[in-house]
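Undergrad: Quick one: this structure, given as structure tokens, is what I'll be asking you about.
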């Protein structure tokens, strides 16, 4: 059992659990389940109607039984779909049994969509039967010419299955709530349908309405039918309201299923089995096909052309192109070779790969994406909390209004049946199911669409932040630029022909070095060879911080090639490396323009300067333009020199006075803080460990966006992760977030406006309960349909 915790102590999550909650139908249900769960010591819970789930953060060991008991105390049933321990220390027994850090086997094997599918099938069955029976009930009740002798009793026989079995989901929900001293939206429905049915049953059996040969007139406005001799029957009203509500509930169920399709598709991308490789003592390799769950960190597995990569890992052997579009949306395959990382669920398009697993289960990229999306969909935006507070008191208020309507009509001398009709109409029309669906359905669709586009929104509160952002700070390296050196040009006094020679020999000399500049020079030299190998080099020597030297075979002539700083070359006696020489002047000019440059020399003479740049991504200028269109002012932030920063800023369209250069990692936080102190709402985009603090600071009063190609630390500190390395994902994320928030507000407006406008009409007797039921069911469907517009967002 859980132990009591200090309520004043800070809540530090040590684990988390997800529950599938059955039986919730409205925002009031959500509030009740949430309150019961949050009363359990060491628990902080968020419940969502659209996903019919609860996400629970655990500050201590809380057995599953305690969580399920809390849900049952609220009047609902639940089962644990996932439990995960995040604490670094050994997990307690209960958590170990649940599978610390991973899903339980039962949860993994469970089809979490099955209860929702069963409910949808049950609703469909009840809807069909109710609709078939309701049609003759309605026709006979509304068309006097068809009212044969004894028609009332046939209507009774046809209507009773509808208002009992057909409306059973509403009745059971209301009774469940009543047993726990609460009320829900279904309470209003059950009261309205039950009252109309019981009144009609009394009217036909004891009130004289069952007299053979009696005919009744249908009136759109019930006040007009107040003076009938016999009491009116409302079987058609109860039956039609039930059928409309079943249709609305079934449409909601289908829409919720569609709204979650993006997430379900995302989570089903992974491979189901894998060819695991084992080696015996002699090094012979054996392949065994095993389920993906049997794979452990460190295992080797094979990925053949056309197969999915089973889990995150590092390539050990082989080269191929990997299609990452399933996870990142990027259509161009990524070339990988030994030492390169690959993500699970991506597709191998070409050669065979031997991969060593580095992350399995819930630690894989795909699982983390699914977890972030699920948590974002389960959470609540601040705007939703207003709807929750209103819905918590709405049902009791409506019941009071219905009773007040009944009393007022009677006190004014109106017939009992007219007073009753107006009261029932108030109950039916006020049921704000749309209110409970307004936020979660929009959030579900919006975050799912973002995930499809490679954008992970960590929580619904982030939607509020995007609306106010007016300034965005962009880290230069790896965000606006590619984050790696590329050879820009070779500058030689002797012209282009000699430049190719300089590049070939310099690339051969640098081939023995792992320095980023050396790798860039060697890659460019190899690319220029059109498949031919570089000259052979020997006697390689690395001179730390200065340059390299090697003996290179230049067409049969061995040459000592030096590549490095002009000052080091001059110290080695190289001619032409002095400050006044042409090659050195080219070197200085390149560095003044923000490039990195080295000088190549052989036979004791400087031959040319090689300039390298961290080039701007092709998509960055377009991304900056989109941010400006959104009304956001971009700033460029970098630890690089100002010349390099301004050159990049000019390329992408950022004003020079919005460039902050030569900042240390710890100063990036200060830059964000200073902008916030000026009253700006700041978003920060970064990808490195040194960006993490600035990302976290931006997220406190603005927005932190991490490039998914960056470090785990940066991603963890951010609010939104851009899985692709494409900066255009930043304006896309902001657009989707803003549009999701706008849809939520539209939904809430229509849900509120509908009830505010309709309740007075019903209370004045200007709304037939049947019409009220149809309108109420339609409002829920309209809200969900409006949310589904987000499926095309981006």
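Numbering (the UniProt record's numbering), first residue to last: 1 to 794.
Backbone N, C-alpha and C define an ideal beta-carbon position, used for all residues, glycine too.
Since the model is a prediction, treat every value here as computed from it, not as a measurement.
How is residue 46 classed by DSSP in three states: helix, strand or coil?
TA: Along the chain shown, read from residue 1 onward, the residue named residue 46 stands at position 46. Strand at residue 46.
Undergrad: So if DSSP puts residue 308 in a beta bridge, which residue, or which two residues, is it bridged to?
TA: Taking the chain shown and counting its residues from 1, the one referred to as residue 308 is at position 308. DSSP, once it has assigned bridges, lists 347 as partnering residue 308.
Undergrad: Measuring straight from C-alpha to C-alpha, what distance separates residue 102 and residue 84?
TA: Locating residue 102 in the chain shown gives position 102, counting from the first residue. Locating residue 84 in the chain shown gives position 84, counting from the first residue. For residue 102, the predicted structure reports a pLDDT of 40, less than 50, and the residue's modelled location is therefore unreliable. A value from the coordinates is still provided. Approximately 6 angstroms between the Cα atoms of the pair.
Undergrad: Whole angstroms is fine: what's the gap from residue 785's alpha carbon to residue 168's?
TA: In the chain shown, counting from the first residue as 1, residue 785 sits at position 785. In the chain shown, counting from the first residue as 1, residue 168 sits at position 168. Going by the C-alpha atoms only, they are around 26 angstroms apart.
Undergrad: What's the C-alpha gap between residue 303 and residue 729?
TA: Against the chain shown, residue 303 aligns to sequence position 303. Against the chain shown, residue 729 aligns to sequence position 729. About 30 angstroms.
Undergrad: Determine, using beta-carbon pairs with one atom in the region 49 to 61 and one in the region 149 to 163, whether at least three such pairs fall under 8 angstroms.
TA: The region 49 to 61 is not in contact with the region 149 to 163.
Undergrad: Quick check on the burial criterion: 16 or more other C-beta atoms within 10 angstroms. Buried or exposed for residue 272?
TA: Within the chain shown, residue 272 is the residue found at index 272, counting from 1. Per the 10 Å Cβ criterion, exposed.
Undergrad: Counting Cβ pairs, one atom from each stretch, are 3 or more of them under 8 angstroms apart for the region 602 to 609 and the region 463 to 476?
TA: No contact exists between the region 602 to 609 and the region 463 to 476.
Undergrad: Using the beta-carbon count (16 or more within 10 Å), is residue 12 buried or exposed?
TA: Stepping through the chain shown from its first residue, residue 12 is reached at position 12. Classification for residue 12: exposed.
Undergrad: If residue 793 sits next to residue 449, beta carbons under 8 angstroms apart, how far is it from one beta carbon to the other, in whole angstroms?
TA: As a first step, residue 793 must be located in the chain shown, where it is residue number 793. As a first step, residue 449 must be located in the chain shown, where it is residue number 449. Sure, about 5 angstroms apart at Cβ, within 8 angstroms.
Undergrad: If you run the structure through DSSP and keep just helix, strand and coil, what is residue 638?
TA: For the purposes of this step, residue 638 is taken as the residue at position 638 of the chain shown. Residue state, collapsed to three classes: coil.
Undergrad: At what residues does the beta strand (DSSP E) containing residue 553 begin and finish?
TA: Residue numbering aside, residue 553 sits at position 553 when the chain shown is read from its first letter. Start and end: 547 to 554.
Undergrad: Select from 782, 77, 14 the residue whose C-alpha is nearest the C-alpha of residue 20.
TA: Here residue 20 corresponds to residue number 20 of the chain shown, with the count starting at 1. Out of 782, 77, 14, 77 has the C-alpha closest to the C-alpha of residue 20.
Undergrad: Under 7 angstroms: does the beta carbon of residue 593 sit that close to some heavy atom of the ligand GDP?
TA: Summarising the ligand content, the structure contains no ligands, and the ligand GDP is consequently not present.
Undergrad: The beta strand (DSSP E) that contains residue 535, what's its start and end?
TA: Position 535 of the chain shown holds residue 535. Taken as a continuous stretch (DSSP letters only), residue 535 belongs to no beta strand (DSSP E), as it is neither H nor E.
Undergrad: Pull up the distance between the alpha-carbon of residue 359 and that of residue 57, whole angstroms please.
TA: Taking the chain shown and counting its residues from 1, one reaches residue 359 at position 359. Taking the chain shown and counting its residues from 1, one reaches residue 57 at position 57. Those two C-alpha atoms are separated by around 23 angstroms.
Undergrad: Would you mind stating whether residue 477 and residue 614 have Cβ atoms separated by less than 8 angstroms?
TA: What you label residue 477 is simply residue 477 of the chain shown in a count that begins at 1. What you label residue 614 is simply residue 614 of the chain shown in a count that begins at 1. Cβ distance < 8 angstroms, so residue 477 and residue 614 count as in contact.
Undergrad: Can you tell me whether residue 396 is buried or exposed? The criterion is at least 16 other CB atoms within 10 Å of its CB, across all chains shown.
TA: For the purposes of this step, residue 396 is taken as residue 396 along the chain shown, with counting starting at 1. Residue 396 is exposed by the Cβ-count criterion.
Undergrad: Out of curiosity, what's the CA-to-CA distance linking residue 541 and residue 577?
TA: Reading the chain shown from its first residue, position 541 is the one you call residue 541. Reading the chain shown from its first residue, position 577 is the one you call residue 577. Their Cα atoms are separated by approximately 20 angstroms.
Undergrad: Considering only their Cβ atoms, is the gap separating residue 445 from residue 426 smaller than 8 angstroms?
TA: Translated into the one-based positions of the chain shown, residue 426 becomes position 426. Translated into the one-based positions of the chain shown, residue 445 becomes position 445. Contact: no.
Undergrad: Check whether the region 755 to 767 and the region 352 to 367 touch, using three or more Cβ-Cβ pairs below 8 angstroms as the test.
TA: Counting Cβ pairs under 8 angstroms, fewer than three are found: no touch.
Undergrad: Output needed for residue 620: all residues of its chain with C-beta closer than 7 angstroms, excluding positions within five of it in sequence on either side, in chain order.
TA: Taking the chain shown and counting its residues from 1, the one referred to as residue 620 is at position 620. Within the same chain, residue 620 has close Cβ partners 480, 652, 727.
Undergrad: Once the 5 residues before and after residue 152 are set aside, which same chain residues still bring their CB inside 6 angstroms of it?
TA: Translated into the one-based positions of the chain shown, residue 152 becomes position 152. The answer, listed in chain order, is 204, 210.
Undergrad: So the alpha helix (DSSP H) residue 810 belongs to, where does it begin and stop?
TA: No answer is possible for residue 810: the residues shown for the chain start at 1 and end at 794.
Undergrad: Taking only runs that begin and end inside the region 601 to 684, name each unbroken beta strand (DSSP E) of 3 or more residues, in chain order.
TA: If we require 3 residues or more, the beta strand (DSSP E) runs fully inside the region 601 to 684 come out as 605 to 613, 633 to 637.
Undergrad: What number of angstroms, rounded off, separates the C-alpha of residue 356 from the C-alpha of residue 694?
TA: In the chain shown, counting from the first residue as 1, residue 356 sits at position 356. In the chain shown, counting from the first residue as 1, residue 694 sits at position 694. Approximately 34 angstroms between the Cα atoms of the pair.
Undergrad: Where does residue 405 sit, in a helix, a strand or coil, going by DSSP?
TA: Here residue 405 corresponds to residue number 405 of the chain shown, with the count starting at 1. Correct three-state label for residue 405: helix.
Undergrad: For residue 292, does the count of other Cβ atoms within 10 angstroms reach 16, so buried, or fall short, so exposed?
TA: Here residue 292 refers to the residue found at position 292 of the chain shown. Classification of residue 292: buried, given that the 10 Å Cβ count is 16 or more.
Undergrad: Can you name, in chain order, every residue of its own chain whose Cβ lies under 8 angstroms from the Cβ of residue 658, other than the five neighbours on each side?
TA: Position 658 of the chain shown holds residue 658. Once the five neighbours on either side are set aside, the close Cβ partners of residue 658 are 633, 634, 635, 636, 649.
Undergrad: Report all residues from its chain with a CB closer than 6 angstroms to the CB of residue 493; omit the five preceding and five following residues, and keep chain order.
TA: Taking the first residue of the chain shown as position 1, residue 493 is located at position 493. Cβ within range, chain order: 582.
Undergrad: Alpha carbon to alpha carbon, how far is residue 550 from residue 508? Give it in angstroms, no decimals.
TA: Your numbering for residue 508 matches position 508 in the chain shown. Your numbering for residue 550 matches position 550 in the chain shown. Using only the alpha carbons, I get a separation of about 8 angstroms.
Undergrad: Comparing alpha-carbon positions, which option in 320, 783, 638 lies nearest residue 660?
TA: As a first step, residue 660 is located in the chain shown; it is residue number 660 there, counting from the start. Per the Cα distances, 638.
Undergrad: Kindly identify the DSSP beta-bridge partner or partners of residue 415.
TA: For this step, residue 415 is matched to residue 415 along the chain shown. Paired residue(s): none; residue 415 is not in a bridge.
Undergrad: Mind checking which residues open and close the alpha helix (DSSP H) that includes residue 82?
TA: As a first step, residue 82 must be located in the chain shown, where it is residue number 82. Element bounds for residue 82: not the alpha helix (DSSP H) but the beta strand (DSSP E), 77 to 85.
Undergrad: When you compare only the Cα positions, how much space is there between residue 235 and residue 164?
TA: If you number the chain shown from 1, residue 235 lands on position 235. If you number the chain shown from 1, residue 164 lands on position 164. Between residue 235 and residue 164, the C-alpha separation is close to 12 angstroms.
Undergrad: Leaving out five residues on either side along the sequence, give the residues of the same chain with a beta carbon under 7 angstroms from the beta carbon of residue 92.
TA: Here residue 92 refers to the residue found at position 92 when the chain shown is read from its first residue. The predicted model places residue 92 with a pLDDT of 38, which falls under 50 and marks its position as unreliable; any figure quoted below should be read in that light. Contacts found: 61.
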